[in-house]
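Below is one structure; the comments refer to it alone.
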Amino acid sequence: MSASGGAPPPAARIERPAPTIRVRHLSHRFGALDVLRDVSFDVGPGEIFGFIGPNGAGKTTTIRVMATLLEPMAGRVEIDGVDVTIDPAAVRRSIGYMPDHAGVYDRITVREYLEFFADAFRVPSLDVVDAVLELTDLGKIQDRIVATMSKGMKQRLQLGRILLHDPKVLILDEPASDLDPRARIEIRDLLLELRSLGKTIFLSSHILTELSDVCTSIGILERGRLVVAGPIGEIAARLEALRAAQAHGHAPPRHAAAPGAHPAEARHAPAHGLGEPAAVGPQQAEGPPPGYGPYPPHAAGPGQAPAYPGLSPLSRRKVKVRVLGDPEAAAYLLRGGPGITDIEIVAGAVHVGYVGNDVKIAEIVQHLVRSGIGVIGVEPERNELERIFLEVTQGEVQ
Ligand SMILES: Nc1ncnc2c1ncn2[C@@H]1O[C@H](COP(=O)(O)OP(=O)(O)O)[C@@H](O)[C@H]1O
Ligand SMILES: [Mg+2]
91 MSASGGAPPP AARIERPAPT IRVRHLSHRF GALDVLRDVS FDVGPGEIFG
141 FIGPNGAGKT TTIRVMATLL EPMAGRVEID GVDVTIDPAA VRRSIGYMPD
191 HAGVYDRITV REYLEFFADA FRVPSLDVVD AVLELTDLGK IQDRIVATMS
241 KGMKQRLQLG RILLHDPKVL ILDEPASDLD PRARIEIRDL LLELRSLGKT
291 IFLSSHILTE LSDVCTSIGI LERGRLVVAG PIGEIAARLE ALRAAQAHGH
341 APPRHAAAPG AHPAEARHAP AHGLGEPAAV GPQQAEGPPP GYGPYPPHAA
391 GPGQAPAYPG LSPLSRRKVK VRVLGDPEAA AYLLRGGPGI TDIEIVAGAV
441 HVGYVGNDVK IAEIVQHLVR SGIGVIGVEP ERNELERIFL EVTQGEVQ
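In the numbering used here, the protein residues as written are 91 to 488.
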């Protein structure tokens, strides 16, 4: 960035890196059936994006376009800046695609399977196979015949296969369906590890909560239309803002804010589908709100939330805090504090309702620790995604 005194960027603009996956106005039909209708969204670098929707919503069709296996009837898809219909070969080099219900060759060993595909992909070094065996934790069973492996292991082997050419982007169609809980946890951990290695991951699921805890952002597809897309926290905040505006009678109904409202050519398109994004972003991290200390009842009147710049006063959330010793002591310290809306003790944990974002959680923990309370666990409300889903979808299936 230039230090020579150029005009500062507009304050309200949140800079985002160029998207790794860029989908614009994607439409497709099979016969008379509109399978995809004007689908637009972005996936930023390093994200784990969950593409969620019921069976028949159009997830696999979208993925087949992304994987260069199907030419869309309208719209564009770019992977890492390359258009899938203009240069499919380049796109294939940068993606690892795992189809749903893919079979594996059964009568060879794990190592032979990976060596076969390394040859097929012209991956030069067999060290790559070792690296993939280690990453997928299949090294111990490298001499096992594929046919004797569990479904979860086969799924890891499939993931291993698509990692051989070290793709930047992973596109996984229903990677966790039909897996038992342990295998699902193992896949989840592997996805997190791959993300830490710099991969961008796009995965689909017809089960809302299946892998939601690893997703950094989501898109919800319903009957070929994208109802909402973006980081989970941002979507939640925008829903809150929209709800507040509706309560005051000056917002369009939720479903009128069509995905088509997406700013088609904005390079750094924000999450969309619910009208204007709320003013949430890095600026919130600038300094804690005043009023922390011994947590006296805050200055605002009863029921009135303190003002947090850029945040809807309706952004109420809950966090479960586990402490050493008596939870009543923690509850006492937090009750009536700034931004705290309610306190409840459930099964030994303090459930704290608050207004704000993650900065507030950090403040709550800091306050407890400074007051001599040992904090041993902090768990944000888990059902945020379920709330969003119920709110933005209408339960339509084709
Ligand atoms: N090759 C095809 N020919 C005709 N219809 C298809 C074809 N592929 C998918 N469809 C239909 O398109 C719709 C979306 O399918 P799909 O993209 O597989 O959804 P999802 O992956 O979300 O379950 C379904 O109604 C499906 O029957
Ligand atoms: Mg599918």
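Where is the CB? At the ideal position from N, CA and C, for every residue including glycine.
Model, not experiment: these values are computed from the prediction.
Exposed unless 16 or more other CB atoms sit within 10 angstroms - verdict on residue i
i      : result
Lys230 : exposed
Ala437 : exposed
Tyr195 : exposed
His191 : exposed
Tyr385 : Annotation note: pLDDT 47 at Tyr385 (below 50); position unreliable, no value reported.
Asp279 : exposed
Glu105 : exposed
Glu283 : exposed
Glu453 : buried
Thr150 : buried
Gly320 : buried
Thr483 : buried
Residues of its chain near residue i, where Cβ-Cβ distance is below 7 Å and the 5 sequence neighbours each way are ignored
i      : result
Gln245 : Pro265, Leu269, Ala273, Ile277
Val577 : In the structure displayed, the chain extends from 91 to 488; residue 577 sits before or after that span and is not available.
Pro107 : Gly134, Pro135
Integer-rounded CB distance, given that residue j should sit under 8 Å from residue i
i      : j      : result
Leu332 : Val129 : Rounded, the Cβ-Cβ distance is 21 Å, inconsistent with contact.
Val409 : Ala420 : That pair is no contact at about 12 Å.
Ser307 : Leu301 : That belief does not hold up - the Cβ atoms of Ser307 and Leu301 are roughly 13 Å apart, past 8 Å.
Ala157 : Ile138 : Contact doesn't hold; Cβ gap of about 18 Å is too wide.
Pro135 : Thr290 : 6 Å
C-alpha gap between residue i and residue j, whole angstroms
i      : j      : result
Leu424 : Pro162 : 55 Å
Glu324 : Asn447 : 10 Å
Gly140 : Asp303 : 10 Å
Ser267 : Leu249 : 14 Å
Asp227 : Leu287 : 16 Å
Gly121 : Glu312 : 19 Å
Gly464 : Val455 : 9 Å
Pro257 : Arg114 : 23 Å
Arg127 : Thr299 : 25 Å
Ile252 : Ala327 : 36 Å
Gly148 : Val459 : 49 Å
Asp217 : Ala208 : 10 Å
Asp124 : Arg407 : 38 Å
Glu469 : Val219 : 38 Å
Ile435 : Pro417 : 7 Å
Gly462 : Gly415 : 11 Å
Ile261 : Thr110 : 12 Å
Leu475 : Leu223 : 34 Å
Val259 : Pro144 : 24 Å
Met243 : Arg119 : 36 Å
Leu247 : Ser240 : 11 Å
Ile169 : Arg285 : 17 Å
8 Å Cβ shell around residue i - same chain, five flanking residues per side excluded
i      : result
Thr199 : Gln232, Asp233, Arg234, Ile235, Val236
Ile433 : Ala421, Leu424, Arg425, Val440, His441, Val442, Gly443
Phe504 : It is not possible to answer for residue 504, since the shown part of the chain is limited to 91 through 488.
Residues near residue i in its chain [Cβ-Cβ closer than 6 Å; skip 5 each side]
i      : result
Glu202 : none
Ala348 : Confidence at Ala348 is low in this model, with a pLDDT of 34, below 50, so its placement is unreliable and no value can be given for it.
Ala164 : Ser117
Ala346 : Caution applies to Ala346, whose pLDDT of 36 falls short of 50 and renders its modelled position unreliable; the model cannot decide the point.
Val155 : Pro162, Val167
Glu355 : Any reading at Glu355 needs caution, since the residue's pLDDT is 36, under 50, leaving its predicted position unreliable; the model's value is listed next. Once the five neighbours on either side are set aside, Glu355 has no close Cβ partner at all.
Bridge partners - residue i, DSSP secondary structure assignment
i      : result
Glu38  : As shown, the chain starts at 91 and ends at 488. That puts residue 38 outside it, with no answer to give.
Ile466 : DSSP lists no partner for Ile466.
Val409 : Val442, Pro470
Met188 : Leu262
Pro321 : Ser307
Ala164 : Ser117
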